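One structure below.
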């Protein structure tokens, strides 16, 4: 089976997109889970602060998610822009 | 499914330059601005002690963000920058939510919108820093821990702009692509409303709030 150069590039770009998003999803998952765990501990210690703690947790998780989003953007670029 | 990479544009050639305008983004931004102006007009008529429903919503926005701004900045700076913060949040919230309506796209799906807002926040923060601290102290802060840290500090400032705009763009654009792909895979049965609820409403709210809070934090860091 012959494979042209263009098809090879397309195939490798798709492979790269998969690896990029797959490995890039590990970091934010671990980090945000840790932040959620700390928030649960803090709410357990002081239940009347639950609103402020939840808000702070969500903001911290959204900032920590940003590297996962960068890898999503790279994966989308590889999938839809590399022909 | 095959319209994912396509953007509808108006392209003109004026004076030797090839100008490209993203038609969807401009139209949707005008819709969002129109709805916000309509909301403002309807919320501020017949102001009374017993508020009409839109006035309650507007007072909710103003109350929450005035509290946040006053905690981050001092009193007179807070009064100067509060309209920016509140408008930024309301604009981004409506931008992210308008994608749930059929046949409408979020303007923040385009990197131009988010990068423009990020650069605006960057210039406002640094202008506030220069005006508060004076030019000499502002420049000396880049050399702060030790003088060869200057390139790293400059790159840190530029990275803030990139990160804040790409976070919003990536979340909204990635969310809409995931919705498109998954809806295509399940033949548009049963799952799309929940996807729209999560990616459109929840993520849109959180990301608008994070963008606004980070802009506020960058301004407050520069004026301290």
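Chains as they are written, first to last, in our numbering: chain A, 1 to 83; chain B, 1001 to 1224.
The beta-carbon is built from N, C-alpha and C at its ideal position, and this holds for glycine as well.
Source: prediction; values computed, not measured.
### One or two residues paired with residue 1012(B) in a DSSP bridge
1019(B)
### Query
Does any CB atom of chain A fall closer than 7 Å to the CB of residue 1176(B)?
no
### Query
Does DSSP put residue 1103(B) in a helix, a strand or coil?
In the three-state DSSP reduction, residue 1103(B) falls in the coil class, being neither helix nor strand.
### Message
Applying the 10 Å Cβ sphere with the 16-neighbour rule, what's the burial state of residue 1168(B)?
### Response
buried
### Message
Taking the straight line between their C-alpha atoms, what separation do you get for residue 1217(B) and residue 1185(B)?
### Response
Their Cα atoms are separated by approximately 41 Å.
### Message
In this structure, how does DSSP classify residue 1070(B) when only helix, strand and coil are distinguished?
### Response
helix
### Message
Count Cβ pairs between the stretch 1197-1208 of chain B and the stretch 1080-1099 of chain B that sit closer than 8 Å; are there 3 or more?
### Response
Taking one beta carbon from each stretch, the stretch 1197-1208 of chain B and the stretch 1080-1099 of chain B have 3 or more pairs nearer than 8 Å; the two touch.
### Query
In three-state terms, what does DSSP make of residue 1051(B)?
coil
### Task
With a threshold of 16 other CB atoms inside 10 Å of the CB of residue 1041(B), please say whether the residue is buried or exposed.
exposed
### Query
According to the Cβ coordinates, are residue 1179(B) and residue 1158(B) closer than 7 Å?
no
### Query
Nearest CA to the CA of residue 1172(B): which residue from 1034(B), 1197(B), 1151(B), 1161(B)?
1197(B)
### Query
So which residues on chain B does residue 76(A) lean against when the C-beta distance must stay under 8 Å?
1173, 1174, 1177
### Task
At 9 Å on the CB atoms, spell out the chain A contacts of residue 1070(B), in chain order.
By Cβ distance, chain A contributes nothing, its closest Cβ being about 16 Å from residue 1070(B), past 9 Å.
### Query
Which runs of the alpha helix (DSSP H) spanning at least 4 residues fall entirely within the stretch 1157-1204 of chain B, listed in chain order?
1192-1195
### Task
Check whether the Cβ of residue 1167(B) lies closer than 7 Å to any Cβ atom in chain A.
yes
### Task
Tell me, please, whether the CB atom of residue 1217(B) is closer than 7 Å to any CB atom in chain A?
no
### Query
With distances taken between CB atoms, is the gap from residue 1170(B) to residue 69(A) smaller than 7 Å?
yes
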